[in-house]
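Trainee: So for the sequence shown, full-length UniProt numbering puts the first residue at 1; every next one is plus one. Structure in structure tokens, see below.
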Amino acid sequence: MEDKTVTLARHLALVVTVAQEPGIRVAELARRFNRSEEDILADLEVLDRAGFGSQMPDEMFGFEWDRLRSRGEVKLWFDLNVTGVPPLSEQEAAGLITGLAALSPQLPPEVAEGIPTLLAKVLSLAPALADRSLGDLTQLLAVIDPEPASEVEDTVRAAIERREQMRLTYLSARSHRSDRTVDPISLTQETDGWVLRAWCHLVEAERHFRLDRILAAELTGHPAENRLGGRASKGSKCTVMLQPEAKWLVGQLPLRDVRSEGELIVGTFRVFDDDWLTAQLISLAPYLVAVRPQHWADRARERAQRALAVWDRH
């Protein structure tokens, strides 16, 4: 039996889709929601009976059934303002903010620029957070969207994107200054700041460098050696087993070899980037039954726990 939360989410998404695209065909809704046309019609019948109070016409959903039956097109007559934006509880807002904290290190700069606006919208929809002090909110914003990128950060990000070797001057925790040549792997936000993961030629081993301790950085023009750090080996795969409630999501995911095993859904991701897969697994967490190989699940769990730690601190 389908979980009630999943059913409600689909019904709300269905109404919003129809409201935004009046006259959309049943076949198109079936394709988008990965359901049969019969299932979509059943959903519409349930929604048509929804309402409150005296069940007068303006207190119920309404579809143009003549149009639906004759042309297979769906159009709302009354929508009870369900397309309006609902308020968020403190727990819901916390979940969204935690998600932003987890994903923000993986976003390109042009996308990350929109995080302050998105955060403001989340906070505006959460009356329970209205009593937070300005200082609390400023600290929270700093965690999710740090200060504008420095020249060093720009250089590090460019090196990772181009897979180019770079030289850096680093100040250790003991104030020891050293010059190193490194092959950058990834840049992630930890609870104590941004950390560069790289292969260090000085010690011939992988090292982590705090971004705020990199005094200078420059590109060398030489390609970074492939140490299989932030990138998975070509053709690497991750198999996931999902609860049946995830059926409506499968069509939106880059899954291959999708099949059913009993009531469960099984599919495979082709992995070329560890961070990308980690984000996918975190978003699928409510539906995950198993992940193979196990180390992908462990990595996603660690990333989510770090994000929750950021939220708990603020």
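Glycine included, C-beta positions come from ideal geometry on N, C-alpha and C.
In angstroms with no decimal places, state the Cα-to-Cα distance between V143 and V46.
Mentor: With a pLDDT of 49 at V143, under the threshold of 50, the modelled position of that residue is not reliable, and the figure given next carries that caveat. Rounded to whole angstroms, V143 to V46 spans 43 Å at the Cα level.
Trainee: Closer than 8 Å is the cut-off here; do at least three beta carbon pairs connect the stretch 22-31 with the stretch 264-276?
Mentor: The stretch 22-31 vs the stretch 264-276: no contact.
Trainee: Alpha helix (DSSP H) containing R162: first to last residue?
Mentor: Counting along the chain, the alpha helix (DSSP H) containing R162 begins and ends at 151-162.
Trainee: Go to A285, then tell me how far its alpha helix (DSSP H) extends in each direction, as first and last residue.
Mentor: No alpha helix (DSSP H) contains A285, which DSSP labels as neither H nor E.
Trainee: Starting from D257 and walking both ways along the beta strand (DSSP E), at which residues does that stretch end?
Mentor: Here the beta strand (DSSP E) through D257 covers 256-261.
Trainee: With a threshold of 8 Å, are at least 3 pairs of Cβ atoms found where one atom belongs to the stretch 249-259 and the other to the stretch 195-202?
Mentor: Counting Cβ pairs under 8 Å, fewer than three are found: no touch.
Trainee: Are the CB atoms of A159 and M166 within a distance shorter than 7 Å?
Mentor: Contact flag set, yes.
Trainee: Give a yes or no on whether the C-beta atoms belonging to L96 and V74 are separated by under 7 Å.
Mentor: Cβ atoms of L96 and V74: not closer than 7 Å.
Trainee: Helix, strand or coil: how does DSSP classify E64 here?
Mentor: Residue state, collapsed to three classes: coil.
Trainee: Return the bridge partner residues of H208 from the DSSP annotation.
Mentor: DSSP output for H208 lists R197 as bridge partner(s).
Trainee: Between the Cα of T169 and the Cα atoms of A205, D154, L211, which residue gives the shortest distance?
Mentor: That would be L211, whose Cα lies nearest to the Cα of T169.
Trainee: From the DSSP output, which residues share a beta bridge with S36?
Mentor: Answer is none; S36 lacks a bridge partner.
Trainee: Using only CA atoms, which one of V15, E151, W77, I185 lies nearest to I214?
Mentor: Of V15, E151, W77, I185, the residue nearest in Cα terms is E151.
Trainee: Tell me which residue opens and which closes the beta strand (DSSP E) that P223 is part of.
Mentor: Segment 214-223, the beta strand (DSSP E) holding P223.
Trainee: Which of the three DSSP states, helix, strand or coil, is assigned to G267?
Mentor: In this structure, G267 counts as strand in the three-state DSSP scheme.
Trainee: Alpha carbon to alpha carbon, how far is R197 from L187? Give it in angstroms, no decimals.
Mentor: C-alpha separation (whole angstroms): 6 Å.
Trainee: Name the one or two DSSP bridge partners that V74 has.
Mentor: I24, per the DSSP bridge assignment.
Trainee: Following the continuous alpha helix (DSSP H) through S124, name the residue where it begins and the one where it ends.
Mentor: S124 -> alpha helix (DSSP H) spans 115-124.
Trainee: So if DSSP puts K237 in a beta bridge, which residue, or which two residues, is it bridged to?
Mentor: According to DSSP, which records beta bridges pairwise, K237 is partnered with R270.
Trainee: Would the beta-carbon of E261 fall within 7 Å of that of V6?
Mentor: It is not a contact, given that the beta carbons lie outside the stated cut-off.
Trainee: By Cβ distance, which residues of its chain are closer than 6 Å to P293, with the 5 residues on each side in sequence left out?
Mentor: Taken in chain order, the list of residues that qualify is empty.
Trainee: Can you list, in chain order, the residues of its chain with a C-beta nearer than 7 Å to that of W296? Leave out the 5 residues immediately preceding and following it.
Mentor: Closer than 7 Å at Cβ, skipping near neighbours: C238, L277, L281.
Trainee: What does the alpha-carbon distance come out to for the pair L88 and L14?
Mentor: L88 and L14: Cα-Cα distance of roughly 20 Å.
Trainee: Three-state secondary structure (DSSP) at V15?
Mentor: It is helical.
Trainee: Please classify Q252: does DSSP put it in a helix, a strand, or coil?
Mentor: Residue state, collapsed to three classes: coil.
Trainee: Do M205 and V156 have their C-beta atoms within less than 7 Å of each other?
Mentor: According to the sequence as given, residue 205 is Ala; it is not Met. Taking 7 Å as the Cβ cut-off, A205 and V156 do not qualify as a contacting pair.
Trainee: So, for L242: in the same chain, excluding its five sequence neighbours on each side, which residues have a beta-carbon less than 6 Å away from its beta-carbon?
Mentor: Once the five neighbours on either side are set aside, the close Cβ partners of L242 are I265, Y287.
Trainee: Between the alpha carbons of R177 and P223, how many angstroms are there, rounded?
Mentor: Answer to the nearest angstrom: the Cα atoms are 25 Å apart.
Trainee: Under the rule that 16 or more other beta-carbon atoms within 10 Å means buried, what is L44, buried or exposed?
Mentor: L44 should be labelled buried.
Trainee: Taking just the CA atoms, how far does G221 sit from D162?
Mentor: The sequence shown places Arg at residue 162, rather than the Asp named in the question. Going by the C-alpha atoms only, they are around 10 Å apart.
Trainee: Once DSSP output is grouped into helix, strand and coil, what is the label at G229?
Mentor: Residue placement at G229 is flagged as unreliable, the pLDDT there being 46, under the threshold of 50; a coordinate-derived value is accordingly withheld.
Trainee: Going by DSSP, name the residue or residues bridged to D183.
Mentor: Answer is W199.
Trainee: CB-CB under 6 Å to K234, same chain, minus the five flanking residues each way: which ones, in chain order?
Mentor: Because K234 sits at a pLDDT of 46, beneath the cut-off of 50, its placement in the model cannot be relied upon, and the point is left open.
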